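Each residue of the sequence shown is one higher than the one before, counting from 1 in our numbering.
Think of the CB as a built atom: it goes at the ideal place given N, C-alpha and C, for glycine as much as any other residue.
Owing to the predicted nature of the structure, the values given are computational and were not obtained by experimental measurement.
Down below is the structure, laid out as structure tokens.
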Amino acid sequence: MGDRQLGNTTITLVPGVEVGHKTDTAAMTGVTVIALPTPNVAVVDVRGGGPGTRETAVLGDAIKPIPVDAIVFSGGSAFGLGSVDGVMAELELLGRGVPTPAGNVPIVPAAIIFDLAVGDGTVRPTPQDGAAAFRARSSDPVPMGSVGAGTGATINKWAGLAGIQKSGIGTFAMDVGGATVGALVVLNAVGALAEGELYDRHSPAADLTSGFPLNVAQNTTLMCIVTDAGITDRNELRRIAIRAHDALGATIVPAHTRYDGDTAFIISTGTEASQGDVDIVAEAAFRCVAESIRLAVEHA
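Structure (structure tokens):
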């Protein structure tokens, strides 16, 4: 498998994938860039009620598939979407993007988390932060916890202010069925990590009440799943997205609420015939997302 992959169980186990973070520990916010090899095919699946995204329309049903150069996850709520400008500028310098008569245009879908109530909410990731995260990209094992876009991430707001717990970024990857599958998750959920039976006394949904004023979309779990399985059928990629969201629902209680912006990006690299059965890849994605969520809390 090569020296690069020895001991690596993060998303950069997938060949050609690189990840970079820009972390602001003072303001408790940051940016994470997932740089992708091309060609690739990508879809997005949004199931939370309060998403903040950019360039997701190019992944829609009625749009001709366009290779994605990178995925950006950022803190700063909607302000953080501006960090993508810096990533696009760096990709342009490398000649990446869709060819046009006026030059290449990099395609960089993005999504944000709400972290303005943690740290200094007046400081938001900038284009310079996005560029710095891109320049810091590496195929090495990805640092986890309170880094990059996960710096200000928290969970368990459902239980009230006293129950809020620190979270962050988790990532896990595995080889399965002749393919590699990897996930990176930014965990910033209204719910809590499920333990034991789904509705036992440890579950925040046990009494179906909340001690937190859940009146705005202040939470989001962001997921990026990449595989080199060579799956080019977007409908098959959407089957993988379903299982990714299933993993979120199985590990975070509650999930997919009006107050979350839960979003999954699924990317398959390569144009060769599929190297993995889509259902096997989907089950690997389920495990990778579930493990990433656990690791996001463990490393926070």
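**Unbroken alpha helix (DSSP H) run spanning S83, endpoints** = 83-93
**Prompt:** To which residues of the same chain is P39 closer than 8 angstroms at the C-beta, ignoring the five residues directly before and after it?
**Reply:** Excluding residues within five positions, the ones whose Cβ falls inside 8 angstroms are P67, T269, G270, T271.
**Asked** Who are the Cβ neighbours of A290 in its own chain at under 6 angstroms, not counting the five residues just before and after it?
**Response** Counting only Cβ-Cβ distances below 6 angstroms, and skipping sequence neighbours, we find A247, T251.
**Asked** Hey, R294 and G170: beta-carbon distance below 8 angstroms or not?
**Response** Inclusion of R294 and G170 in the CB contact set at 8 angstroms is warranted, their separation being smaller than that value.
**Cβ neighbours of I280 in the same chain (closer than 7 angstroms, five flanking residues each side left out)** = V176, G177
**Prompt:** Should A282 go down as buried or exposed, given a rule of 16 or more other Cβ atoms within 10 Å for buried?
**Reply:** buried
**Message:** Applying the 10 Å Cβ sphere with the 16-neighbour rule, what's the burial state of Y199?
**Reply:** Only weak support is given to the placement of Y199: the predicted model assigns it a pLDDT of 41, under 50, and the question is left unresolved by the model.
**Prompt:** Among the residues of its own chain, which have a CB less than 6 angstroms from the CB of A27, if the five just before and after it don't count?
**Reply:** G119, D120, V123
**Item:** Whole-angstrom C-beta distance between G86 and G130, which should lie under 8 angstroms
**Value:** 3 angstroms
**Message:** How far does the alpha helix (DSSP H) with A131 in it extend, from its first residue to its last?
**Reply:** 127-135
**Request:** Give the secondary structure of N40 by DSSP, where H, G and I count as helix, E and B as strand, and everything else as coil.
**Result:** Note: N40 maps to strand in three-state DSSP.
**Message:** I believe G182 touches I71 by the beta-carbon criterion, under 8 angstroms. Please report the beta-carbon distance rounded to the nearest angstrom.
**Reply:** Their Cβ separation, rounded to whole angstroms, is 12 angstroms, which puts G182 and I71 out of contact at 8 angstroms.
**Prompt:** Identify the residues that DSSP records as bridge partners of D175: which are they?
**Reply:** T180
**Prompt:** F265: which of G16, V33, V43, T32 sits nearest, CA to CA?
**Reply:** Measuring C-alpha to C-alpha distances from F265 to each of G16, V33, V43, T32 identifies V43 as the nearest.
**Prompt:** Considering only residues of the same chain and omitting the five flanking positions on each side of E92, which have a CB-CB separation below 7 angstroms?
**Reply:** N104, P106
**Message:** Between the alpha carbons of G76 and P127, how many angstroms are there, rounded?
**Reply:** 12 angstroms
**Neighbourhood of T227 by C-beta, 6 angstroms cutoff - its chain only, sequence neighbours within 5 removed** = A179, V181, S268, V281
**Prompt:** Looking at V297 and S146, is the spacing between their C-beta atoms short of 8 angstroms?
**Reply:** no
**Prompt:** Expressed to the nearest angstrom, what Euclidean distance is found between the alpha-carbon atoms of R54 and R243?
**Reply:** Going from the Cα of R54 to the Cα of R243 covers about 23 angstroms.
**Asked** When you compare only the Cα positions, how much space is there between G95 and V108?
**Response** Taking the straight line from one Cα to the other gives about 14 angstroms.
**Request:** For A284, I'd like the list of residues in its chain whose CB is within less than 7 angstroms of its CB, leaving aside the five on either flank, ordered along the chain.
**Result:** M174, V176, V181
**Prompt:** In the structure shown, what three-state DSSP assignment does L187 receive?
**Reply:** strand
**Message:** Tell me the rounded alpha-carbon separation between A110 and V84.
**Reply:** Those two C-alpha atoms are separated by around 7 angstroms.
**Cβ neighbour criterion (16 or more within 10 Å) applied to T29** = Counting Cβ neighbours within 10 Å, T29 comes out buried, since at least 16 surround it.
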